[in-house]
Structure formats: C-alpha cells, structure tokens
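Residue numbers (UniProt numbering): 1 to 453. A quick write-up on the structure given underneath.
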C-alpha cells in the first residue's frame, strides 16, 4: 500500500512537472507572439506619423475645399502610392473623420488605373472604437481586422496637421498580417518540439526521480531563460529602447530561428520608419530642408551666420503667370542658391517664397560675399518667367547678435524687412556694438553695384 502511494506520488510529480513545463513554455511563446504583434503595430504607427508630417499640407487643404479628382488629388495619390510601395504597407490613404462613428477615404494610395474607379468619400473599415479616438484627435491602432476582400491586417492612423497644429484629416496605413502569421506558426512549432524533449527526459529517468528533478530544473532554466530573454527584448524594442538582441545557444535551433525572424521584422520596419522620417524633413516642392529639420540642425551648432531671403514681388509672379510657374520659380531659385553656396551651407525653405541659409563657422564678411553672389546671380539670370527675378536679403550672426536662435531669426527677419523697405534687391546686415559683448544694435545696408531692370 505504501509502495503504491509512493509510485502514485512519483507519477503525479512527473505529470505535474510535464504539465507546468508545457504550460510555462506555451505561455512564454504566446507572450512573445503578442509582443511582436504590438511592436510591428507601433512601428507602423511611427511610419504613419512621419508620412503625415511630410505631406504637402497646402495641396491637401486645397483639395479638401473642392474634393474632386483634380491635379492636386492625383499628385497626393502618387505620393501615397509611392510610399505604400516603398514601405511594403498593404494600404496608405487619407481619411476624413467628422463624426465619432464612421470614417471615409478621401485619397487612396493606389495605382492610378485602380484609383480612377475608387470613389471619394467611401466608408472605411476602421472600427468605431478607433474612429472615436481619431475624432478626439488621438492616434489609433486597431485589433486584427478580418476583411473578406483584403485578408487580415492591422490598421493604424495618425493626424494630418497644418502649420498651426490644426487637424485637417488622418493618414491611415494598413499593415499586412502575413508576417505575424509566420511568427505565430514558428512559435507553435517550436513549442511542440520542446514539449516532446521534456517528456523523453522525464520518462527515461523515472527510477532516479530525485536526480530527474534536479536535472529537469537545470534543463528548464536553460530552455526558459532564452525564451524569457527574447520576450524581454521584444518588450523593450516595443518601448523604443536601444538594447542588443539576446544570445541564443546554437543547440536551441527553433528559438534561434524565431529570434532571426523577430530581428528581420524589426529591421524592416525600422528602415521604413527611418525612410519616412527622412522624407518628413524635406520640402516636397523644392527638395531642400524644411522648417522641421531646421529645429534639429540648430541644436548642434554654436557659431554660425544666417542669410534670410525671399523673392521680391512673388505674389505678382503667381498672379501674372499662375501657380505652376510660381512653383517652377521656387525650384529654379533653390538650384541657383545651391550652386552659389558651399557644401557645408544648409538651405531651408521656411514657407512660401521665404528661404534661410545656415552657414556654420562663418563670419559676417564671408557671409556677405556669399549673399551678394546670390543676389547678383539672381538678378542676371533668366527665371522660368522669361526674365530675371530679384531677392531681398537679411544677414545675422550667432552668437554676436543674439543669445538663441529664435532671437537671431527675428533680428535677421527685421534686416530682410528693412531691405524691402529700402527698395528691394538689397542686402541688409544686422550689426553689433564694438567690443563690449553687447548684442544686436542696428542694421547696415549694402549698396549693390548693379540692379535688375
């Protein structure tokens, strides 16, 4: 009787060992699978935010005033379709959300032949829960959507904001479920292999139950620790923390394959997010840097000069020749300025016809020479209007004239305004007081040797 009880206890102990081992391994794999899905969804949201920030906001606002398949519609459609192909997303599109229940697709990112048949304002499949979040001005990430037409996917959305921070729409992006399914299949396959290994070890060592318990504990630690390490790594990268991937022993082939799958997925979405981030720092019309990238650049500089300039009477160019020619004039001026400046100089379009050049480690004298070169070349070169244009220029320097960039930009803008007051096609330099370390004091107007007719 006593012997039977001992046998029963031994059998029950082995059963519990196998049961809890299987349960622990299965739970760890499920946790990894869920964490990877969450990680990919957040990478997709980061990409959507960067795409929304890099859009032609003015063009989209013009489209919203008259939603039709006009030139503005097709330009944005092309940008969204190119982004969809480059990022590998299932869909990229803009949404209108004017109520907390239903969203509608305004411009889809798809080939033109398909988009021609796609109506403006088609009701989107984004669930009501996420539509409500968007209506409140928040980003959203859906659960897996089972779509009979496009299969399973996760949808994310980020607000499209104008220069004043007002939300004018949403940028939606659908992430295909195939990658997640592949990871899930690997998880289930690996779990079965590990369970069979634990069963074999336990059954063949029943006569030595105490030794088996010790060995099983050691084996479990070796099996579970890499799984936990991988799960922790997946969680940390979801939180955007820079951590090295965990080491997986060579003998743990299945888990090593899963690790490689996770690293491949993370690398893929990081590259796409970086691409979208870089695109968001470029002005889509001229190809030069935009105001968003200016803020990042200034933080890394201590001593530099600024050249702030804009096109004289640019409104007349648009009124007389049209906005298409006006856009060509902006692109023409960008190319001209890049030819007349150095590789180290940084050109930014601040908006409209206003541009800024940052000249690192450059004093006022050199800056004046470069500014005059730009002014003279502009007034003597034929523009897309069929005749030359002119520019007015303000010059400033950090740290001679200001303590921080916003102050310097304001001073340089005053110099530009003075150049316009004095007749345009001029250069005005903000000045300092002698050697007493005092800051901005006034302006010096530079008389140019030639003027455009």
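A virtual CB, placed ideally from N, CA and C, is assigned to each residue, including glycine.
query = Using a C-beta cutoff of 8 Å, does residue 162 count as contacting chain C?
reply = Structure shown: chain C not included; a single protein chain is present.
message: Once DSSP output is grouped into helix, strand and coil, what is the label at residue 191?
response: Low local confidence applies: a pLDDT of 48 at residue 191 is under 50, so the model's placement there is unreliable, with the coordinate-based value given in what follows. Assigned with DSSP and collapsed to three states, residue 191 falls in helix.
- Item | Inter-residue spacing [alpha-carbon to alpha-carbon] between residue 93 and residue 136 | Roughly 19 Å between the two C-alpha positions.
Taking 7 Å as the cut-off, is the C-beta of residue 418 nearer than that to any heavy atom in the ligand NAP? The model depicted lacks the ligand NAP and carries no ligand whatsoever.
Legend entry - Range covered by the alpha helix (DSSP H) that runs through residue 161: That residue, residue 161, is in no alpha helix (DSSP H); its beta strand (DSSP E) goes 151 to 161.
So for residue 131, helix, strand or coil by DSSP? Residue 131 falls in the helix class under three-state DSSP.
CA nearest to the CA of residue 98, picked from 83, 121, 113 and 227
Comparing Cα positions, the closest option is 121.
From 112, 417 and 95, residue whose alpha carbon lies closest to that of residue 104
Nearest of 112, 417 and 95 to residue 104, Cα basis: 95.
Checklist line | Chain-order list of residues whose beta-carbon lies under 6 Å from that of residue 310 (same chain, five-residue window excluded) | finding: Here the set comprises 353 and 354.
- Message: Taking 8 Å as the cut-off, does the segment 53 to 61 touch the segment 74 to 87 (at least 3 CB pairs, one atom from each stretch)?
- Response: At 8 Å Cβ cutoff, the stretches touch.
Measuring CB to CB, does residue 292 end up less than 8 Å from residue 281? In this structure, residue 292 lies near residue 281, with their beta-carbon atoms less than 8 Å apart.
Which residues mark the beginning and the end of the alpha helix (DSSP H) in which residue 294 is found? That run of the alpha helix (DSSP H) goes 291 to 298.
**Prompt:** When DSSP builds the beta bridges, which residues end up paired with residue 108?
**Reply:** DSSP, once it has assigned bridges, lists 93 as partnering residue 108.
### Query
With burial defined as no fewer than 16 other Cβ atoms inside 10 Å of the residue's Cβ, what is the status of residue 71: buried or exposed?
The residue in question, residue 71, is exposed, as its Cβ has fewer than 16 Cβ neighbours within 10 Å.
- Message: Could you pull the DSSP bridge partners for residue 113 from this structure?
- Response: BP columns for residue 113 are empty, so no partner.
Ordered along the chain, which non-local residues of its own chain (more than five positions away) have a Cβ less than 7 Å from that of residue 100? In the same chain as residue 100, and ignoring 5 residues on each side of it, the C-beta atoms closer than 7 Å to its own belong to 131, 132 and 135, in chain order.
Which class does residue 430 belong to by DSSP, given the choice of helix, strand or coil?
DSSP places residue 430 in strand when its eight states are reduced to three.
- Item | Boundaries (first-last residue) of the beta strand (DSSP E) holding residue 319 | Looking at the DSSP string, residue 319 is not in any beta strand (DSSP E); the run it does join, the alpha helix (DSSP H), is 314 to 321.
Pairwise C-alpha distance: residue 289 and residue 349:
C-alpha separation (whole angstroms): 6 Å.
Exercise. Can you check DSSP and say which residues form a bridge with residue 304?
Key: Beta bridge pairing from DSSP links residue 304 with 360 and 398.
Worksheet item: In chain order, what residues of the same chain have a beta carbon less than 7 Å from the beta carbon of residue 390, not counting five sequence neighbours either side?
Response: Closer than 7 Å at the Cβ level, and outside the excluded window around residue 390, lie 312, 378, 379, 424, 425 and 452.
Check: Under a three-way DSSP split, which group does residue 405 fall into?
Finding: Residue 405 falls in the helix class under three-state DSSP.
_Residue of 260, 251 and 218 minimising C-alpha distance to residue 230_ = Ranking the options by Cα distance to residue 230, first place goes to 260.
Apart from the five residues on each side of it in sequence, which residues of its chain come closer than 8 Å, Cβ to Cβ, to residue 76? Leaving aside the five residues that flank residue 76 on each side, the residues in its chain whose CB is nearer than 8 Å to its CB run, in chain order, 55, 56, 59, 60, 63, 94 and 107.
### Task
Using three-state DSSP, classify residue 462 as helix, strand or coil.
Only positions 1 to 453 of the chain appear in this structure, which leaves residue 462 out of reach.
Report yes if the CB atom of residue 381 is closer than 8 Å to the CB atom of residue 336, and no otherwise. Cβ distance < 8 Å, so residue 381 and residue 336 count as in contact.
Q.
Within the continuous beta strand (DSSP E) that includes residue 171, where are the two ends?
A. Membership of residue 171 in the beta strand (DSSP E) is indicated by the continuous run 167 to 176.
Take the Cβ of residue 174 as the centre, count every other Cβ of all protein chains shown within 10 Å, and call the residue buried at 16 or more, exposed below. Residue 174 is buried by the Cβ-count criterion.
Residue environment, residue 398, which counts as buried when at least 16 other CB atoms sit within 10 Å:
Classification for residue 398: buried.
### Query
Just the Cα atoms here: how many angstroms apart are residue 325 and residue 243?
Those two C-alpha atoms are separated by around 50 Å.
Alpha helix (DSSP H) segment containing residue 58, residue limits = Looking at the DSSP string, the run of the alpha helix (DSSP H) that includes residue 58 is 57 to 65.
Checklist entry - In chain order, what residues of the same chain have a beta carbon less than 6 Å from the beta carbon of residue 364, not counting five sequence neighbours either side? => result Once the five neighbours on either side are set aside, the close Cβ partners of residue 364 are 397.
- Query: With DSSP run on the structure shown, which of helix, strand or coil describes residue 351?
  - Reply: Strand, per DSSP.
### Message
Alpha carbons only, please: which of 375, 322, 87 and 303 is nearest the one belonging to residue 401?
### Response
When each option's Cα is compared against that of residue 401, the closest is 303.
**Message:** Taking its Cβ as the centre, do 16 or more other Cβ atoms sit within 10 Å of residue 421, making it buried, or is it exposed?
**Reply:** By the neighbour-count rule (16 or more Cβ atoms within 10 Å), residue 421 is not buried but exposed.
So the candidates are 226, 362 and 149; which of them puts its Cα closest to the Cα of residue 345? Taking only the C-alpha atoms, the option nearest residue 345 is 362.
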